[in-house]
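When the letters of the sequence shown are read in order and numbered with numbering that gives the first Met the number 0, they come out as residues 0 to 324.
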Amino acid sequence: MKKTAFSAMRPTGKLHLGHLIGALNNWVSLQDQYKCIFAVADWHAFMGEYEHGKEIQPNIHDMVLDWLACGIDPDQSIIFIQSQVPEHLELQMVLSCITPLGWLERNPTYKEQLREVTSRDLQTYGFLGYPVLQAADILLYKAQAVPIGEDQLPHLELTREIARRFNHLYKTDILPDCNALLTPTPRLLGIDGRKMSKSYQNAINLSDPPDVIRKKVSIMFTDPARIKLADPGHPDVCNVYSYYQIFAPQDTKAVYDWCSNAKKGCTDCKSILADRIIKFLEPLQERRQKFARDEKRIKDIIKEGQQKAQAIARETLAQVKEVIF
Ligand code: SF4
């Protein structure tokens, strides 16, 4: 029997190369080894964007399209939308009751976001309870494995603590221990050299057409020491070179040579990189367009995912209610 792996993404905007390299490629490869459950976490999106709830809906559709285009296979894995399985909120309610306030207030991500995010009001009861909903998401499917990045480790630890507290309080073992699946992924920065993010507007989206990709690549930050064509560059400190390493590894030797020996300028170097990224994304974008033309298939995939997810969620919730009442 395959172990269950659970992961989710918030539909807060278009998916970009960072999502592909940092998570989706990993999700695709996990499908053979695990029974994978992937949630479009629209309640999580709502917690941070509650004033713009209407904008979440189109993002959900785009996210499912991107997942399918990247190779998430609905015949192998469950793809569903969190708000279509209300058991998530019910289990969150139960877990909220047993989670000490201090555990949430101490959460480093919560404190960091309150400090850093100034464009949205995160001083809400819902946002404080964000990790409890995450715990409910994972525990509802009794996932043993959760593919996450290192920055999310404190949240997963909280899920484990909540599960242990629940099992201890009700003398049961129905909520299993879950482990992080930490897969090393290459670091991909945005075109301005900062973390790639929708909020920084520095991302190359998976669905960007070729002209947009060319434009974005043309303004990428490069080695600041290379001012004139005759100046030898330092590929190891250039963001463009790190993109070559990921999207065109076959070219890295040549790039290293033309850069460090000042044989080619940055404009040419970026123009070739844009070609490589366009080529890299071509099959993905073709698959995306194919799925986009078949609206009924998308609806069926989402409906089927909801039914499969809900069947598991109902069973777990019934077990939870049996031990608590
Ligand atoms: Fe970067 Fe390419 Fe310019 Fe070298 S030639 S600094 S790798 S953009």
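By construction, the Cβ of each residue, glycine as well, lies at the ideal position given by its N, Cα and C atoms.
What separation, rounded to the nearest whole angstrom, lies between the Cα atoms of residue i and residue j?
i, j, result
"A229", "P130", "53 Å"
"P223", "C265", "11 Å"
"K141", "A310", "13 Å"
"H15", "W257", "29 Å"
"L174", "L113", "30 Å"
"D172", "F165", "9 Å"
"P209", "D293", "23 Å"
"F45", "Q143", "27 Å"
"A7", "I226", "43 Å"
"E111", "I20", "24 Å"
"E48", "L90", "22 Å"
"A162", "A134", "8 Å"
"I301", "D65", "14 Å"
"G125", "M62", "24 Å"
"N106", "Y255", "43 Å"
"E149", "Y33", "20 Å"
"P248", "H60", "32 Å"
"L152", "T108", "10 Å"
"L121", "E314", "33 Å"
Please work out which residues of its chain come closer than 7 Å, Cβ to Cβ, to residue i, disregarding the five sequence neighbours upstream and downstream, and give them in chain order.
i, result
"I137", "F5, V145, T158, C177"
"V116", "none"
"G192", "F220, N238"
"V84", "Q305, A308, Q309, A312"
"K269", "V216, S217, M219, V239"
"N58", "P10, T11, G12"
"V322", "Y169, T171, I173"
"Q30", "D72, Q75, S76"
"T184", "I20, G21, N25"
Report buried or exposed for residue i, applying the criterion of at least 16 other Cβ atoms within 10 angstroms of its Cβ.
i, result
"D207", "buried"
"E50", "exposed"
"L280", "buried"
"T98", "buried"
"L272", "buried"
"R287", "buried"
"H167", "exposed"
"T329", "The shown model of the chain, from 0 to 324, leaves out residue 329, and the question about it has no answer."
Shorter than 7 Å, the distance from the beta carbon of residue i to the closest heavy atom of ligand 1, or not?
i, result
"K227", "no"
"V239", "yes"
"R234", "It is worth fixing the name first, because residue 234 is Pro in this sequence and not Arg. It does: the Cβ of P234 is within 7 Å (strictly closer) of some heavy atom of ligand 1."
"V254", "yes"
"K269", "yes"
"C177", "no"
"K214", "no"
"C96", "no"
"K197", "no"
"K110", "no"
"C265", "yes"
"C35", "no"
"C258", "yes"
Could you name the residues of the same chain whose beta carbon sits closer than 6 Å to that of residue i, not counting the 5 residues immediately before and after it, in chain order?
i, result
"Q81", "A38, A40, D41, W42, H87"
"Q306", "none"
"K215", "I190, I203"
"L23", "C69"
"K263", "W257"
"F290", "L64, L67"
"L103", "L127"
Relative to ligand 2, is the shortest distance from any of its heavy atoms to the C-beta of residue i smaller than 7 Å?
i, result
"D222", "Of the ligands one can find in the structure shown, namely ligand 1, none is ligand 2."
Between residue i and the rest of its own chain, which residues show a CB-CB distance below 8 Å, the 5 nearest in sequence each way excluded?
i, result
"K197", "T11, G12, K13, H15"
"Y199", "G189, D191, R193"
"R213", "S270, A273, I277"
* **Ranges of the beta strand (DSSP E) found wholly within the stretch 164-247, counting only runs of at least 3** => If we require 3 residues or more, the beta strand (DSSP E) runs fully inside the stretch 164-247 come out as 178-180.
* Asked: In the stretch 48-117, which residue ranges form an unbroken alpha helix (DSSP H) of at least 4 residues, counting only runs that do not cross its ends?
  -> 55-69, 86-97, 100-104, 107-115
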